[in-house]
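Peer 1:
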Amino acid sequence: MIGELTLDDDSRLAFEPAAKPVPPEERARLLEDPGFGRVFTDHMAIIEYDEAKGWHDARLTARHPFTMDPAAPVLHYAQEIFEGMKAYRRPGGGAALFRPDANARRFAKSAVRLAMPPLPEDMFLDSVRALVRADRDWIPATEDGSLYLRPFMIANGSFLGMRSSTQFIYAVIASSVGSYFKGDAASVSLWVTREYVRAAPGGTGEAKCGGNYAGSLVAQAEAVRNGCDQVVFLDATERRWVEELGGMNVFFVFEDGSIQTPPLDGTILHGVTRDSLLTLARDMGLTVREEPYSIEQWKADAESGRLTEAFACGTAAVVTPIGRVKEADGEFAIGGQSTGPLTLRLRSALVDIQRGDAPDPYGWVEQVF
């Protein structure tokens, strides 16, 4: 029966509960070890758009496949954007989102870059909150568990031609997740690709669109073939300035206690985790630099001991230490190839706020229920 969502909610989404939700015993089994991105919840949020009506038909319904015309422009021109965010269980019960307003703003900015209609921030937040409340039982109770939320927008309709669509589907799905990286390794290893680049000036590097990730997959496969966990991209012009990993920003820690990360110059994603760590580091009194860093300098500083730690960060992996960097003509190690003290300090400060184990002086956490 269609009605209004009433789970401590003021949502404006019409709610049609899943007719056949996953049985509680099956859900409990799945949540014991969900992995990452394999276990999906019962519901999804959908809002539609067309040029005549604007945004309309906001609803929360059972998760189901889309039916699309073969000429839908998302299939031919990759007019698509997405976000990644998490809901965390709280120590006293309930769950909270971490900086959802930042995701809403970035989603709108990505939409503008891809010639798509920006979704109003209140609609974005309303849809995410409603889905978390409806699928609250899917949030894992494990130490590293959370509910990963994937808002996305695709171009719908039926035409072939180089123009923006006038019809779009916005949706949010949710996945119960554990740790992003598999295994018990103390750090990840990186492959430096010299052949492929992730983004170029004037391109879509700072937009969170699927094409950026599709273009990085061949380089990620190259990394795996060379025994590494992730690929690290260099700039498109000189092929020497470190930019980011396939899906994460990167930080460097030096023996004087300062930290550095590549600047946001239009080719690097404005990471919410990146921004949060910069705020935490500055409030800890650390010297923080947003400056270019070359792969040659990275190698020299690691070998001399000037660089003591390096880590990658993002919503999915949170903060992950980097232990080894490899390329075609050699490799180098960083520190003890484990989690360094400053990496651990920053990670703990961030995770404690996200999970409610420490005060939130920044107003980053929003209690959903």
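Just so you know, we're using this note's numbering here: the sequence shown kicks off at -14 and counts up by one.
Ideal placement from N, C-alpha and C gives every residue a C-beta, glycine not left out.
From a predicted model like this one, the values you see are computed outputs, not experimental measurements.
#1: For the beta strand (DSSP E) that LYS94 lies in, which residues bound it at each end?
#2: Any chance the segment 325 to 340 sits against the segment 288 to 308, with 3 or more Cβ pairs inside 8 Å?
#3: With a Cβ-Cβ cutoff of 8 Å, do LEU82 and GLU351 count as a contact?
#4: Between PRO186 and THR252, which are expected to be in contact by the criterion C-beta below 8 Å, what is the C-beta distance as a whole number of angstroms?
#5: What do you reckon, are the CB atoms on VAL182 and LEU219 nearer than 8 Å?
#6: If you scan the segment 36 to 81 from start to end, which runs of the beta strand (DSSP E) of 3 or more residues do you find wholly inside it?
#7: Specify, as a first and last residue, the run of the alpha helix (DSSP H) that PRO326 falls within.
#8: Please state whether the Cβ-Cβ distance between ALA156 and ASP120 is less than 8 Å.
#9: Please state if the CB of MET70 and the CB of PRO85 are separated by a distance shorter than 8 Å.
#10: Please classify THR222: is it buried, with 16 or more other beta-carbons within 10 angstroms of its beta-carbon, or exposed?
#11: Given ARG225, which residues of its chain have a CB within under 7 Å of its CB, disregarding the five upstream and five downstream residues?
#12: From the DSSP output, read off the bridge partner residues of GLN245.
#13: With distances taken between CB atoms, is the gap from ARG309 to ALA318 smaller than 8 Å?
#14: Do PRO248 and GLU229 have their CB atoms nearer than 8 Å?
#15: Helix, strand or coil for ILE280? Go by DSSP, reduced to three states.
#16: Suppose the cutoff is 7 Å on Cβ atoms and the five residues either side in sequence are ignored; what does the same chain contact list for ASN88 look like?
#17: Since ALA47 contacts ALA115 with CB under 8 Å, what's their CB separation in whole angstroms?
#18: If you draw a straight line from the C-alpha of PRO105 to the C-alpha of ALA93, how long is it?
#19: First and last residue of the beta strand (DSSP E) that includes CYS141?
#20: Three or more C-beta pairs under 8 Å: does that hold for the segment 125 to 136 against the segment 72 to 82?
#21: Compare the C-alpha of GLU373 against each of ASP250, ILE32, THR264 and GLU240 and name the closest.
#22: In the DSSP output, which residue or residues are listed as bridge partners for VAL177?
Peer 2: The short version:
#1: The residue given as residue 94 occupies position 109 in the sequence shown. Here LYS94 belongs to no beta strand (DSSP E); instead the alpha helix (DSSP H) covers 85 to 98.
#2: Because the criterion of three Cβ pairs below 8 Å is met, the segment 325 to 340 and the segment 288 to 308 touch.
#3: Residue 82 sits at position 97 when you count from the first residue of the sequence shown. Residue 351 sits at position 366 when you count from the first residue of the sequence shown. In this structure, LEU82 places its C-beta atom within 8 Å of the C-beta atom of GLU351.
#4: One-based indexing of the sequence shown puts residue 186 at position 201. One-based indexing of the sequence shown puts residue 252 at position 267. So it is a contact: roughly 6 Å between Cβ atoms.
#5: By one-based count along the sequence shown, residue 182 stands at place 197. By one-based count along the sequence shown, residue 219 stands at place 234. By the CB criterion at 8 Å, VAL182 and LEU219 fall inside the cutoff.
#6: The segment 36 to 81 contains these whole beta strand (DSSP E) runs: 39 to 47, 65 to 67 and 70 to 74.
#7: As a working note, residue 326 is residue 341 in the sequence shown. In the DSSP assignment, PRO326 falls within the alpha helix (DSSP H) that extends over 326 to 339.
#8: To locate residue 156, count along the sequence shown from 1; it is residue 171. To locate residue 120, count along the sequence shown from 1; it is residue 135. By the CB criterion at 8 Å, ALA156 and ASP120 fall outside the cutoff.
#9: As a first step, residue 85 is located in the sequence shown; it is residue number 100 there, counting from the start. As a first step, residue 70 is located in the sequence shown; it is residue number 85 there, counting from the start. Between PRO85 and MET70, the C-beta spacing is below 8 Å.
#10: Walking along the sequence shown from the start, residue 222 turns up at place 237. When all chains shown are included, THR222 counts as exposed.
#11: Residue numbering aside, residue 225 sits at position 240 when the sequence shown is read from its first letter. Cβ within range, chain order: LEU219, SER279, ILE280 and GLU281.
#12: Residue 245 sits at position 260 when you count from the first residue of the sequence shown. In the DSSP output, where bridge partners are listed per residue, GLN245 has PHE237 and ARG274.
#13: Position 324 of the sequence shown, counted from the start, is the residue given in the question as residue 309. Position 333 of the sequence shown, counted from the start, is the residue given in the question as residue 318. For ARG309 and ALA318, yes; Cβs fall inside 8 Å.
#14: Residue mapping note: residue 248 aligns to position 263 of the sequence shown, counting from 1. Residue mapping note: residue 229 aligns to position 244 of the sequence shown, counting from 1. Cβ distance not < 8 Å, so PRO248 and GLU229 don't count as in contact.
#15: By one-based count along the sequence shown, residue 280 stands at place 295. In this structure, ILE280 counts as helix in the three-state DSSP scheme.
#16: In the sequence shown, residue 88 corresponds to position 103, counting from 1. GLU68, MET70 and VAL257.
#17: Translated into the one-based positions of the sequence shown, residue 47 becomes position 62. Translated into the one-based positions of the sequence shown, residue 115 becomes position 130. Actually they do not touch by this definition, with Cβ atoms about 14 Å apart.
#18: Working through the sequence shown from its first residue, we reach residue 105 at position 120. Working through the sequence shown from its first residue, we reach residue 93 at position 108. If I take the Cα positions, the gap works out to 8 Å.
#19: Locating residue 141 in the sequence shown gives position 156, where the first residue counts as 1. At residue 141 the sequence reads Asn, which differs from the Cys that was named. Counting along the chain, the beta strand (DSSP E) containing ASN141 begins and ends at 131 to 141.
#20: Contact between the segment 125 to 136 and the segment 72 to 82 is present, because at least three Cβ pairs lie under 8 Å.
#21: This structure gives no information on residue 373, because the portion of the chain shown stretches from -14 to 354.
#22: Counting from one through the sequence shown, the residue named residue 177 turns up at place 192. Answer by DSSP bridge pairing, in chain order: VAL217.
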